[in-house]
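Report on the structure given below.
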Amino acid sequence: MNYHALSIAKCGYEVDLCGYKESKLMDEVIENPLITVREIPVVKNAYKLPFVLFAPYKVVKQHWILYDLLKQLKRADFLLVQNPPSIPVLGMVRFFSLFMSPRTKVIIDWHNLGYSILALKFPDNPNHPFVKIYKWYENWFGYRSFVHLTVTVALGQFLRTEFAMNAKRIIPLYDRPASQFSLLSESQRKEIISKYQTTLFKDFDAKTEKILVTSTSYTPDEDLTILLEALEKYSLASNPSSQTTEEKPTSDDNKSESKKSQILTRSSASTQLPPLRVIITGKGPMFKETRAKIDALQPTLHNISIHTTWLPIEDYPKVLGAADLGISLHQSSSGWDLPMKIVDMFGCGVPVISLSFPAISELVKHSENGLIVDTSTDMAKQLAKLFTNPATLNNLKRGAVRESRIKWDTNWTEKLGPLFGVGQYREPAPGEDDSSSSDDD
C-alpha cells in the first residue's frame with residue numbers, strides 16, 4: 001500500500017495510510033506532506049489461547065479498532081483496501097460506506113483470496129466450516145465495492161465466475177517495481193557487498209561464487225524445504241568424490257525423482273559447478289524450524305553457504321540487484337495471486353526460478369525472463385544448467401531487464417488514471433479552459 005499511497009498523493013489527494021505498527025514504511029511515504037500515517041495495533045495472542053478461542057476474540061477486537069479508526073475518515077472521496085485480510089476489513093468497510101460515509105467510493109485491491117489462506121490451517125479438511133464462512137463473508141461484503149483491482153487477469157476471472165462480480169468494475173493491475181528497484185552498476189554492486197562483508201558476504205569470492213537470493217515470509221505456502229533439497233542435490237552434483245547409496249524407491253514418483261537426481265549427478269560430473277552463496281531474507285512464523293533445518297544441512301553441503309537475514313528496506317533492493325539469480329518458493333494458496341518478490345527481482349534485472357502454480361505464467365515467461373519448475377530436482381537441474389551455460393543465463397537476464405523498464409508509476413497511471421483524474425484524465429481547474437482559449441485569440 002506504500003506505492004498506492006504515493007501514487008494517489010502525486011495526484012494531489014490528501015492520503016490517510018492505515019496499517020499495522022509493525023509494517024515498515026518507505027522514507028518517501030514518511031516524508032510526504034500529503035500522507036498521514038494512522039497506525040493499527042496488532043491483536044496478539046498474549047495468553048496463548050487455542051485458535052478456536054483466540055480467533056473469535058481477535059475478530060471482535062479488530063472490528064472495534066477499525067470502527068474507531070473509520071470514524072476519523074468520514075467524507076473521504078475513496079477508501080482503498082487490500083484483501084486479504086478479509087475479516088474484519090471488508091465487513092467494516094461495507095458498514096462504513098452504508099452508514100458512516102455514503103459518499104465514499106470503496107476500492108478493493110485483491111491480492112489473493114482470504115479463505116484460501118485460512119484453508120491452509122486445515123489441510124485435511126479444505127471444506128472446514130470456518131473456511132466456508134470466510135468464503136461467504138469475502139464474497140458477500142466484497143461484492144458491492146465500486147471498483148475491484150486484481151493482481152492477475154486470472155483472479156479477475158475468478159471474481160467474475162465464482163463471486164459473480166461486475167466485470168466492468170474489475171481492473172487487472174499488475175504489481176510493478178518501484179523506482180528504488182533498479183539495475184545496479186558494478187560499483188554499486190561492489191559497494192553493497194562491501195557493506196555486508198562481515199556478515200552476508202564474508203569471505204565472498206567474486207570471481208567464482210554465484211549469488212542466489214530469495215525473500216520469504218516463512219509461511220506454509222512458501223516452504224523453503226524445496227530450495228534446501230535442491231541445494232543438497234546441487235551439492236552432490238558439484239562434488240564428484242561423494243558417493244551415496246540410495247534406498248530402493250517405494251513408488252513410481254520416488255523412482256522418477258531418483259532417476260532425475262542420478263541424471264543431474266552424471267551430467268554435472270564432467271562440468272565444474274560454481275560455489276553458491278544463498279541469501280534468504282525475511283521473517284515469519286516458521287523461521288525457527290527452517291533455521292534448524294538449515295543448521296543441520298549446512299555442514300553436509302559442498303561449496304554452498306546459506307545466510308539468513310532481515311534486510312533494511314533501503315538495502316533490500318541493492319542486495320537483490322547484486323544477485324545472479326532469484327528464487328521464488330511461493331505456492332499460491334488460491335493459484336491466482338503473484339509474489340511481489342519476483343516483481344522486485346525483475347525490477348533489479350535479476351532472472352528468477354519460480355515454483356509452478358496456475359497464474360505464475362502471467363509474470364514469469366519460461367525461458368524468457370525466468371524458469372518455472374515443479375520439484376526440487378527440477379530446480380537443482382536448472383541451477384546446474386544456468387551456471388554452466390552463461391549464454392542461457394544471460395538470455396534470461398536480458399528478459400528480466402526488459403521487465404525492469406515497466407515501472408509502477410507508469411502502469412498505475414495507465415490503469416487508474418481515469419479513476420483518480422491523473423495526467424490526460426485530469427479535470428481542468430476552474431477558469432483553466434477560458435484562459436487557454438483567450439490565449440489562442
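Start counting the sequence shown at 1; every next residue gets the next number (the UniProt record's numbering). From the three backbone atoms N, C-alpha and C, an ideal C-beta is built for every residue, glycine too.
In terms of Cβ geometry, Arg277 and His302 do not form a close pair [threshold 9 Å].
In this model, Asp378 and Pro88 are separated by some 41 Å (Cα to Cα). In this structure, Leu224 is the residue among Asn239, Leu224 and Lys44 with its C-alpha nearest to the C-alpha of Ala292. Scanning Glu414, Leu273, Arg144 and Val131 for the CA closest to the CA of Tyr234 turns up Leu273. Distances from the alpha-carbon of Phe420 to those of Tyr67, Pro41 and Leu80 put Leu80 closest. Residue pairing by DSSP places Leu386 in no beta bridge whatsoever. Between the segment 364-375 and the segment 141-149, the count of C-beta pairs closer than 8 Å stays below three; the two stretches do not touch. Non-local C-beta neighbours of Glu209 in its own chain, meaning closer than 6 Å and more than five positions away in sequence, comprise Pro275 and Arg277, ordered along the chain. Selection Ala359, Phe357 and Lys385 evaluated against Leu325 yields Lys385 as nearest (Cα-Cα). By the C-beta criterion, the segment 356-370 is judged not to be in contact with the segment 199-216, since fewer than 3 inter-stretch pairs fall below 8 Å. In the three-state reduction of the DSSP assignment, Glu403 falls in the helix class, which pools H, G and I.
Contact between Val153 and Pro172 is confirmed by a C-beta separation of about 5 Å, below the 8 Å threshold. Taking one beta carbon from each stretch, the segment 180-198 and the segment 309-328 have 3 or more pairs nearer than 8 Å; the two touch. Excluding residues up to 5 positions away in sequence, Thr199, Leu200, Ile279, Ile280 and Thr281 lie with their Cβ nearer than 8 Å to the Cβ of Thr309 in the same chain.
Taking Ala164 as the centre and dropping the five residues before and after it, the same chain places no C-beta closer than 7 Å to its C-beta.
Residues of the same chain with a CB within less than 6 Å of the CB of Arg160, apart from the 5 flanking positions on each side, are Ala167 in chain order.
For the segment 21-67, the continuous alpha helix (DSSP H) assignments of 4+ residues that do not extend past its boundaries occur at 27-31, in sequence order. In the three-state reduction of the DSSP assignment, Val364 falls in the coil class.
Taking a 10 Å sphere around the C-beta of Tyr20, we find fewer than 16 other C-beta atoms and assign the residue as exposed. DSSP lists Arg38 as the beta-bridge partner residues of Cys18. Phe78 is bridged by DSSP to Lys105. Residue range Lys210 to Thr216 is occupied by the beta strand (DSSP E) that includes Lys210, with no alpha helix (DSSP H) assigned at that position. The DSSP-derived three-state label of Ile226 is helix. Secondary structure of Val153 (DSSP, three-state): helix.
Taking C-beta separations shorter than 7 Å and ignoring five residues to either side along the sequence, the partners of Ala322 in its chain run Leu184, Arg189, Ile192, Ile193 and Ile211, following chain order. By the Cβ-count criterion, Phe99 is exposed, with fewer than 16 other Cβ atoms from all chains shown falling within 10 Å of its own Cβ. Ala76 counts as buried, since at least 16 other C-beta atoms from the protein chains shown sit within 10 angstroms of its C-beta. When secondary structure is reduced to three states using DSSP, Val89 falls in the helix class. In the three-state reduction of the DSSP assignment, Gly421 falls in the coil class. Under the 10 Å beta carbon count, Gly12 is surrounded by fewer than 16 other beta carbons and is classified as exposed.
Where Ser145 is concerned, there is no enclosing alpha helix (DSSP H), because DSSP gives it neither an H nor an E.
In the DSSP assignment, Ser328 forms a beta bridge with Ser354. Bounds of the beta strand (DSSP E) holding Arg277 are Leu276 to Gly282.
Taking every protein chain shown into account, the CB of Val93 has 16 or more other CB atoms within 10 angstroms, so this residue is buried. The three-state reading of DSSP puts Ser305 in strand, counting E and B together.
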